[in-house]
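Just below is one structure, and these are the notes that go with it.
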Amino acid sequence: MSTTVAAYQLVETDEGVRGRHTRIPLEDLGEGDVLIRVTYSSVNYKDGLAATGRAPIARRFPLVGGCCAAGTVVEPGESRLPADTVVAVVGATLSEQHNGGYCEYLRVPAAWVVAVPEAFTSRQAAAIGTAGVTSAMAVVKLEDAGVTPESGPIAVTGASGGAGSLAVALLAARGYEVTALTGKPEAEDLLRDLGAANVAPRPDTSGTRPLERGTWAGAVDTVGGDTLAWLTRTVAPGGSIAAFGNAGGNRLTTTVLPFILRGINLLGVTVTFPAAELRERVWELLASSLSREALDAIATDVDFEDLDDALRRIVTTGVVGRQVVRIGGEAAV
Ligand SMILES: NC(=O)c1ccc[n+]([C@@H]2O[C@H](COP(=O)([O-])OP(=O)(O)OC[C@H]3O[C@@H](n4cnc5c(N)ncnc54)[C@H](OP(=O)(O)O)[C@@H]3O)[C@@H](O)[C@H]2O)c1
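Once you know that position 57 of the sequence shown is 116 in this note's numbering, the rest is easy, because the numbers rise by one and skip nothing.
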């Protein structure tokens with residue numbers, strides 16, 4: 060008889076794609092030479108979209124959900140990492156084409172596996188997860204484009220969310236003056252504790268002028284839509300926006316004027332398959348700049364059994380910070 064493991068699967072139903080708790084045979088985990096015992100995963104906006112059927116994230120069914128995972132090596136395969144090394148898998152095609160992190164075990168190709176810097180536990184690695192790796196990539200891209208703490212203030216949109224709060228913490232730790240833009244006044248104290256110099260309400264994006272006062276030397280945008288359009292109008296000459304979110308919409312309506320009159324840069328960020336060199340830089344930046352206290356302050360625990368509710372909340376009422384999901388029964392590292 061085959062061994063089965065607990066999983067949260069995305070399935071097609073008459074009402075659209077939904078998530079369900081189930082057990083799957085260990086041999087059905089999928090392709091890959093590295094076997095990982097998953098200890099934690101997390102709840103990302105994309106996971107909420109996938110499990111509520113709001114966006115076509117999964118491309119085949121049934122498929123284990125969870126776009127990232129942290130755990131320990133069981134079978135190292137080509138990774139050659141010693142057994143029990145704490146590792147993370149973020150992005151790749153987890154929960155799109157490949158079974159994801161909401162399962163006691165994960166089998167993936169060695170190229171997808173990152174040894175987590177010793178500074179972090181597997182719970183902290185999951186708290187970083189997709190949101191944190193993407194935010195760190197955004198910071199790398201802004202700095203590669205020439206943005207420095209001396210350049211001027213940096214705006215972070217969707218600041219109370221997972222990626223936003225981690226962007227605030229990272230940028231503040233690197234000496235930037237951060238303005239956190241949030242729709243949740245109750246998150247102000249947390250955002251200030253993370254290092255935000257200013258906390259402001261979500262911007263009024265209704266302006267129709269192609270250029271408004273050029274305020275920001277840089278911006279990390281987790282929202283997209285009208286918010287990203289507003290950023291293009293309010294970034295200072297030569298400034299840069301690192302954009303990776305669509306919580307506020309997919310459509311971008313702006314003009315060429317900020318680009319041709321102010322020379323601003325719009326930098327796209329995707330976590331899916333970063334070049335190995337970028338991935339290394341990102342984890343180095345996280346290890347050197349992200350305080351463990353900040354990480355612990357924004358991370359709350361969600362029981363595996365309560366995933367349905369957590370996944371619905373992130374795309375409806377919204378959440379503050381990062382939600383980590385304990386996977387598997389034994390004491391975690
Ligand atoms: N491209 C990639 O590779 C990649 C990787 C990771 C994440 N993402 C995207 O990045 C975004 C953030 O992900 P996350 O996991 O951090 O999500 P999250 O925790 O839900 O954060 C999103 C935040 O956006 C703000 N927001 C939500 N709806 C909004 C609206 N209609 N208008 C304006 N602001 C709104 C809220 O913050 P406030 O209440 O503070 O305003 C919310 O907390 C998502 O769109 C996700 O899909 C993309």
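Where is the CB? At the ideal position from N, CA and C, for every residue including glycine.
Values in this document were obtained by computation on a predicted structure and should not be read as measured data.
Residue pairing of Y67 in beta bridges, as defined by DSSP: H80. Inside the segment 227-312, DSSP marks whole alpha helix (DSSP H) runs of 4 or more residues at positions 247-252, 284-293, from first to last along the chain. Within the model, the alpha-carbon separation for E134 versus G112 is close to 34 Å. A direct Cα-Cα distance of roughly 10 Å separates L240 from D280. Here L201 is not near S224, since their CB atoms are 8 Å or more apart.
Judged by DSSP in its simplified three-state form, E352 adopts helix. The three-state secondary structure of S181, taken from DSSP, is helix. Comparing C-alpha distances from L320 to each of A295, A288, A306, P84 shows the shortest one belongs to A295. About 5 Å separates the CB atoms of Y164 and V64; that is less than 8 Å, so the two are in contact. The C-beta distance from I386 to V123 rounds to 11 Å, too long to fall under 8 Å, and the pair is not in contact.
Judged by the Cβ position, I373 qualifies as a neighbour of ligand 1 at the 7 Å threshold, a heavy atom of the ligand being closer than this. Three or more Cβ pairs closer than 8 Å define a contact, and the segment 170-182 meets that threshold against the segment 142-152. For D92, the CB contacts under 7 Å within the same chain, skipping 5 residues up- and downstream, are G136, E137, P168, A169 in chain order.
Residue range 104-111 is occupied by the alpha helix (DSSP H) that includes Y104, with no beta strand (DSSP E) assigned at that position. Non-local beta-carbon contacts of L366 in its own chain, meaning distances under 7 Å to residues more than five positions away in sequence, involve Y67, G78, Y161, V384 in chain order.
In this model, R268 and Y99 are separated by some 46 Å (Cα to Cα). At the C-beta level, T329 and G307 stay beyond 8 Å of one another.
The three-state secondary structure of G130, taken from DSSP, is strand. C-alpha of I213 to C-alpha of S194: approximately 13 Å in a straight line. For T359, the CB contacts under 6 Å within the same chain, skipping 5 residues up- and downstream, are Q382 in chain order. Just so you know, the alpha carbons of D106 and G298 end up roughly 32 Å apart. Distance from the Cα of G377 is smallest, within the candidate group Y104, G75, S347, for Y104. Under DSSP, I213 takes part in a beta bridge, and its partners are V237, G277. For G191, the Cβ stays outside the 7 Å cut-off from all heavy atoms of ligand 1. If you look at R372, you'll find it in the alpha helix (DSSP H) that goes 366-374.
For the set A151, H157, S350, the Cα lying nearest the Cα of W171 is the one of A151.
For R82, the closest alpha carbon among the candidates T72, E364, A369, R372 is that of E364. The beta carbon of A353 sits closer than 6 Å to those of A228, L253, all from its chain and outside the five residues before and after it, given in chain order. Closer than 7 Å to some heavy atom of ligand 1: that describes the Cβ of G223. Residue side-chain check: V341 keeps its Cβ at 7 Å or more from all non-hydrogen atoms of ligand 1.
Partner residues in a beta bridge of T329, as assigned by DSSP, do not exist. Residue pairing by DSSP places S100 opposite V384 in a beta bridge. Not a single heavy atom of ligand 1 lies less than 7 Å from the C-beta of G125. In this structure, DSSP gives V175 a state outside helix and strand, which the three-state scheme calls coil.
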